[in-house]
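Residue numbers (the UniProt record's numbering): 1 to 340.
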Ligand code: NAD
C-alpha cells in the first residue's frame, strides 16, 4: 500500500525542482501518494495570514509528513516567515542537516583529499526565533532569547539518538556559554545530563567561534554537532559551503507528530522560471525522507544514481566543470533516472 504524504511545491524555483525530484521518485517506483497542499507566498497575498489554507494545515496534520519546496516570505513588518511558522506550529524541534563530500562536486577539501561526513542538529523553535523584539527608545532595540530545559532536552536527546543510529562515535555541543551563561549555560548543562544515557558516544563541547575556525580548517575531525537555533543556522550554512554550497544541503525538520523535509536553500528568485536550478538538495532531502519512512531500498537506489550522475561530471550551472556544458533541471533529473 502506498504511503500518503503532503507535498507543497513552494515558490520561485520550488515547482521546477519538486517536479524533477518527483519524476525521479516515479522512475524508481517509490510507493508514495501525494496530496498537494496550498502553501506559499501567493496564499499570504490571498489573505491567509499563515501563508497556507486551512485545508493545507489539516492535510499536513493528518498525514504527518510534508515534503516542501522553498517558500518566499513577503518582505516587511507584520509578516512571519512561513517556514518559521510551520516549524513552530508543528513543534518540529530538531533540524537535521547532513553534509558530505560528493564526488564530482569540487571543493577545497575534496581537492585536498579530505572527506567530509558531518551532521548538524540545530534546535529549531526556541532562541531568538520567537522574534520577541521591541524598541525601548527610538535609539535602543531589545530582543529576547528564550532557551528552556525541556526544549533543549528534546533536541539534544534527538541528536544523541541520531548519532547512535548513524553509528557515529562523537557528538559535540557548540555554544557560547562563556558569555551567555544562563541561556547557553542551560543548553550545555542539559547536553551533559543527556550524554550520561549514551555512554558509547563521546560527548564534548566547543565554543562556537572556535568551532567555526576548526570547521573551515579541519572539518574532518567532527562527526555530529548540536547547537541552539541561531548559532546552528549560521554554522549549518557554513557547513553547506564546505561541501559545495546550498545546492547540496538537505534538511529535515523533525517533530514527534509531524516532520518536514526540504532543501536548505531558498526560492532563488534570480534564476526562477528559467528551468536551470539544481535539484540535488531537494533530492537529498527526499532521500532522507524515504529513509525516515522506512524505504531504505529506494533511498539507496536513488542516492547511488545521484552519486554516479555527479561522478560522471553531469552538472547544473551552479557547480561543476565549466568546460562541460551545464544541464538544465530536467536534463539533470533525466540523467539520474537513466542511472537508476
Ligand atoms: P536563496 O537560497 O534563494 O539564493 C541564494 C543564491 O543561491 C542565489 O544566487 C540562488 O540563485 C542560488 N541558489 C539557491 N538554490 C539554488 C539551486 N537549487 N540551484 C542553483 N542555484 C541556487 O537565498 P535568498 O536569495 O536569500 O532567498 C530568497 C527567498 O527564499 C527569500 O524570500 C527567503 O525568505 C526564502 N527562503 C526560503 C527558505 C525555505 O523555504 N526553507 C530558505 C531560505 C530562504
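Glycine included, each C-beta is placed from N, C-alpha and C at the ideal position.
Whole angstroms are fine: how far does the CA of residue 19 sit from the CA of residue 330? If you take the alpha carbons of residue 330 and residue 19, they lie about 9 angstroms apart.
Taking the alpha-carbon positions, what's the residue 63 to residue 3 distance? About 9 angstroms.
Closest to residue 222 by C-alpha separation, out of 286, 315, 277 and 210, would be which residue? 210
Excluding the 5 residues preceding and the 5 following residue 224 in the sequence, name in chain order all residues of the same chain whose CB lies nearer than 6 angstroms to its CB. 119, 163, 168 and 171
With a 10 Å radius around its C-beta and 16 neighbouring C-beta atoms as the bar for buried, classify residue 68 as buried or exposed. buried
Rounded to whole angstroms, what is the Cα-Cα separation between residue 72 and residue 9? Whole-angstrom Cα-Cα distance: 12 angstroms.
Cβ of residue 246 within 7 angstroms of any heavy atom in the ligand NAD? yes
Bridge partners for residue 99 per DSSP, in chain order? Partner(s): 118.
Would you kindly report the start and end of the unbroken alpha helix (DSSP H) that includes residue 150? 149 to 166
Helix, strand or coil: which one does DSSP assign to residue 229? helix
Determine whether the beta carbon atoms of residue 255 and residue 83 lie at a separation below 8 angstroms. no
Alpha carbon to alpha carbon, what distance is there between residue 87 and residue 5? 17 angstroms
Cβ-heavy atom distance between residue 250 and the ligand NAD below 7 angstroms? no
Which parts of the region 198 to 244 are runs of the alpha helix (DSSP H), unbroken and 4 residues or longer, counting only runs that do not cross its ends? 208 to 217 and 229 to 242
Determine, using beta-carbon pairs with one atom in the region 312 to 330 and one in the region 278 to 291, whether at least three such pairs fall under 8 angstroms. yes
Comparing the CB of residue 183 with every heavy atom of the ligand NAD, is any distance shorter than 7 angstroms? no
For the 8 angstroms Cβ check, are there 3 or more pairs between the region 241 to 260 and the region 141 to 153? no
Between which two residues does the beta strand (DSSP E) carrying residue 141 extend? 140 to 143
Smallest Cα separation from residue 145: which of 157, 185, 121 and 166? 185
Beta-carbon proximity list for residue 174, same chain, < 7 angstroms, skipping 5 on both sides: 206, 208, 211, 225, 227, 231 and 235
Which listed residue (132, 40 and 149) has its alpha carbon closest to that of residue 142: 132
Restricting to Cα atoms, I'd like to know which of 127, 113, 220 and 248 is closest to residue 148. 127
Checking 8 angstroms against the spacing of the C-beta atoms, do residue 124 and residue 100 come in under that value? no
Is the beta carbon of residue 21 sitting closer than 8 angstroms to the one on residue 290? Their beta carbons are not under 8 angstroms apart, which means residue 21 does not touch residue 290 by this criterion.
For the ligand NAD, is there any heavy atom lying closer than 7 angstroms to the beta carbon of residue 83? Correct: residue 83 has its Cβ closer than 7 angstroms to the ligand NAD.
8 angstroms Cβ cutoff, residue 132 in contact with chain C: Within the model displayed, chain C is absent; a lone protein chain is all it includes.
Can you tell me which of 259, 98, 85 and 298 puts its alpha carbon nearest to the alpha carbon of residue 244? 98
Cα-Cα separation between residue 33 and residue 262, rounded to whole angstroms: Straight across, the Cα-Cα distance linking residue 33 with residue 262 is about 17 angstroms.
Is there at least one non-hydrogen atom of the ligand NAD closer than 7 angstroms to the beta-carbon of residue 266? Yes.
Proximity test, residue 325 beta-carbon vs the ligand NAD heavy atom, cut-off 7 angstroms: no
So residue 394 is in the alpha helix (DSSP H); what residue range does that whole segment cover? Beyond the ends of the chain as shown, which are 1 and 340, falls residue 394; an answer cannot be given.
For the candidate residues 102, 7 and 53, whose alpha-carbon lies nearest to that of residue 240? Per the Cα distances, 102.
Beta-carbon gap between residue 121 and residue 220 smaller than 8 angstroms: no
Boundaries of the alpha helix (DSSP H) in which residue 107 is found, first to last residue: Taken as a continuous stretch (DSSP letters only), residue 107 belongs to no alpha helix (DSSP H), as it is neither H nor E.
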